[in-house]
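Trainee: Input: one structure, supplied below.
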Amino acid sequence: MLFFSRTTRWVLAPLADRLDQPDQACTPLSSNNPLLRRILTGVEQLLQERSALKEQARALTQEVTQLDERVACRDALLRQWEARWALVSHGAGELFWELEVNGTAAPSLACAMRWTGSASILAPGIDQLGHWNEQLHPADRQRHLDTLARHLADRSGRTPFVLDVRIQPPSGDDYRWCRISGDSRRDAQGLPVAMGGSLRDIHQQHLQDEVLELAATRFDISREMLHDGLWDIEVVAGDPANPKNTIWWSSQMRR
139 MLFFSRTTRW VLAPLADRLD QPDQACTPLS SNNPLLRRIL TGVEQLLQER
189 SALKEQARAL TQEVTQLDER VACRDALLRQ WEARWALVSH GAGELFWELE
239 VNGTAAPSLA CAMRWTGSAS ILAPGIDQLG HWNEQLHPAD RQRHLDTLAR
289 HLADRSGRTP FVLDVRIQPP SGDDYRWCRI SGDSRRDAQG LPVAMGGSLR
339 DIHQQHLQDE VLELAATRFD ISREMLHDGL WDIEVVAGDP ANPKNTIWWS
389 SQMRR
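Remember, my numbering sits 138 above the position in the sequence shown when you count from 1.
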């Protein structure tokens, strides 16, 4: 059994109280006994370190709370912008795409592609450049890759990427004409780091252009068969004598 002197007990009792309530302010303990003095000094240092750590933990907790609030605000803002983008892309009648180019002018057919929008001309699962290229008409596939490579290889960024291609719909129906266009973001050396664009169905417009071109060809043939000359005038501001009026003459009028 260990026995303590009265002096030792006189020191240990307040030390026990100090350890029971370490955060309560009190006068530092002291003793004439060298061993007790070392113990009291060590305990006081540990309590001070504990207090400092608690203060640091309190500050870190407050900082984490502030960061959580900022992250929550950013998440709310992100969801808001995502909802706006979904609304815009859904109402645009176009598909929007992103291509991972990885800083190369000749992207691999395995490069990832992401699509957003509501158009139904694209088959599901088109998540790579190669899969997308396979959906094009065989006569358009290499032309599509060549146009893409020329755009990415031009470090000045002046070569556009705009191309009319034929796409086979998921239903397996006849190919439809679509226009794919895009642009790339480049680093300081002009190497592409990101690329994106849109895909728009222009099939009806293409058919109308063909009809218009056929009508123009027929008109030219009919005009050449006539012996009478034809002419028309574009009247500016309703003034037949306006010198800015444009007059067109058929070839018979020039003979």
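Glycine included, each C-beta is placed from N, C-alpha and C at the ideal position.
Hey, how far is the Cα of Trp386 from the Cα of Asp347?
Mentor: As a working mapping, residue 386 is identified with position 248 in the sequence shown. As a working mapping, residue 347 is identified with position 209 in the sequence shown. Roughly 22 Å separates the two Cα atoms.
Trainee: Distance check for Trp270 and Leu290, CA to CA, integer angstroms please.
Mentor: Residue numbering aside, residue 290 sits at position 152 when the sequence shown is read from its first letter. Residue numbering aside, residue 270 sits at position 132 when the sequence shown is read from its first letter. C-alpha separation (whole angstroms): 18 Å.
Trainee: Does Gly320 pass the burial test, meaning 16 or more other C-beta atoms within 10 Å, or should it be called exposed?
Mentor: Counting from one through the sequence shown, the residue named residue 320 turns up at place 182. So Gly320 counts as buried.
Trainee: If you count every other CB in all the chains shown that lies within 10 Å of the CB of Pro245, and 16 or more means buried, which is it?
Mentor: Counting from 1 along the sequence shown, the entry for residue 245 is found at position 107. The residue is buried, with at least 16 neighbouring Cβ atoms inside 10 Å.
Trainee: Does DSSP put Ile264 in a helix, in a strand, or in coil?
Mentor: Counting from one through the sequence shown, the residue named residue 264 turns up at place 126. Correct three-state label for Ile264: coil.
Trainee: Looking only at its chain, what residues have a beta carbon closer than 7 Å to the beta carbon of Ala250, apart from the 5 residues adjacent to it on each side?
Mentor: Sequence index remark: in the sequence shown, residue 250 carries index 112 (1-based). Counting only Cβ-Cβ distances below 7 Å, and skipping sequence neighbours, we find Glu238, Asp265, Gln266.
Trainee: Applying the 10 Å Cβ sphere with the 16-neighbour rule, what's the burial state of Pro330?
Mentor: The residue given as residue 330 occupies position 192 in the sequence shown. Classification for Pro330: buried.
Trainee: Where does Glu236 fall in DSSP's three states?
Mentor: Working through the sequence shown from its first residue, we reach residue 236 at position 98. In the structure shown, Glu236 sits in a strand (DSSP, three-state: E or B).
Trainee: Just reading off the beta strand (DSSP E) that His254 is part of, what are its end residues?
Mentor: Residue mapping note: residue 254 aligns to position 116 of the sequence shown, counting from 1. His is not the amino acid found at residue 254; the sequence shown has Thr there. That run of the beta strand (DSSP E) goes 251-255.
Trainee: Here's the rule: buried if 16 or more other CB atoms are within 10 angstroms of the residue's CB, otherwise exposed. What is Cys211?
Mentor: For the purposes of this step, residue 211 is taken as the residue at position 73 of the sequence shown. Exposed, by the Cβ-count rule.
Trainee: Would you mind working out which of Ala326, His275, Ser294, Gly335 sits nearest Gln306, comparing C-alpha positions?
Mentor: Residue 306 sits at position 168 when you count from the first residue of the sequence shown. Comparing Cα-Cα distances from Gln306 to each of Ala326, His275, Ser294, Gly335, the minimum goes to His275.
Trainee: State the start and end residues of the unbroken beta strand (DSSP E) segment that holds Pro330.
Mentor: Here residue 330 is taken as the residue at index 192 of the sequence shown, counted from 1. Its beta strand (DSSP E) spans residues 330-339.
Trainee: Comparing alpha-carbon positions, which option in Gly180, Ala214, Ala287, Arg217 lies nearest Gly241?
Mentor: Residue numbering aside, residue 241 sits at position 103 when the sequence shown is read from its first letter. Answer by Cα proximity: Ala287.
Trainee: The alpha helix (DSSP H) that contains Thr285, what's its start and end?
Mentor: Position 147 of the sequence shown holds residue 285. Counting along the chain, the alpha helix (DSSP H) containing Thr285 begins and ends at 276-291.
Trainee: I think Glu220 touches Gly334, with their Cβ atoms under 8 Å apart; what is that distance to the nearest whole Å?
Mentor: Against the sequence shown, residue 220 aligns to sequence position 82. Against the sequence shown, residue 334 aligns to sequence position 196. No, Glu220 and Gly334 are not in contact; Cβ-Cβ is about 16 Å, not under 8 Å.
Trainee: When DSSP labels each residue in this structure, what does Leu247 get in the three-state scheme?
Mentor: Translated into positions along the sequence shown, residue 247 becomes position 109. Three-state DSSP puts Leu247 in coil, outside helix and strand.
Trainee: Which residues mark the beginning and the end of the beta strand (DSSP E) in which Ser294 is found?
Mentor: Here residue 294 is taken as the residue at index 156 of the sequence shown, counted from 1. Looking at the DSSP string, Ser294 is not in any beta strand (DSSP E), and its letter there is neither H nor E.
Trainee: Take Arg324 and list the residues in its own chain whose beta-carbon comes closer than 8 Å to its own, dropping the five residues that flank it on each side.
Mentor: Looking up residue 324 in the sequence shown gives position 186. Within the same chain, Arg324 has close Cβ partners Arg293, Gly295, Pro330, Val331.
Trainee: Can you look up Val209 in the DSSP assignment and give me helix, strand or coil?
Mentor: To locate residue 209, count along the sequence shown from 1; it is residue 71. Helix, per DSSP.
Trainee: Beta-carbon within less than 8 Å of Gly263's beta-carbon, same chain only, minus the 5 sequence neighbours each way: which residues are those?
Mentor: As a working note, residue 263 is residue 125 in the sequence shown. Taken in chain order, the residues that qualify are His269.
Trainee: Please return the same chain residues whose Cβ sits closer than 8 Å to the Cβ of His282, not counting the five positions on each side in sequence.
Mentor: Position 144 of the sequence shown, counted from the start, is the residue given in the question as residue 282. Result list for His282: Asn271, Leu274, Leu301, Val303, Ile318, in chain order.
Trainee: Grab me the residues of Arg338's own chain with a C-beta within less than 6 Å of its C-beta, minus the 5 sequence neighbours each way, in chain order.
Mentor: Translated into the one-based positions of the sequence shown, residue 338 becomes position 200. Glu232, Arg317, listed in sequence order.
Trainee: Would you mind sorting Pro381 into buried or exposed? The rule is 16 or more other CB atoms within 10 Å of its CB.
Mentor: Taking the sequence shown and counting its residues from 1, the one referred to as residue 381 is at position 243. Flag for Pro381 reads exposed.
Trainee: Report buried or exposed for Gly255, applying the criterion of at least 16 other Cβ atoms within 10 angstroms of its Cβ.
Mentor: Here residue 255 corresponds to residue number 117 of the sequence shown, with the count starting at 1. Under this definition Gly255 is a buried residue.
Trainee: Sort Thr384, Val181, Leu260, Asp284 by Cα distance to Asp311 and report the nearest one.
Mentor: Here residue 311 corresponds to residue number 173 of the sequence shown, with the count starting at 1. For Asp311, the nearest C-alpha among the options comes from Leu260.
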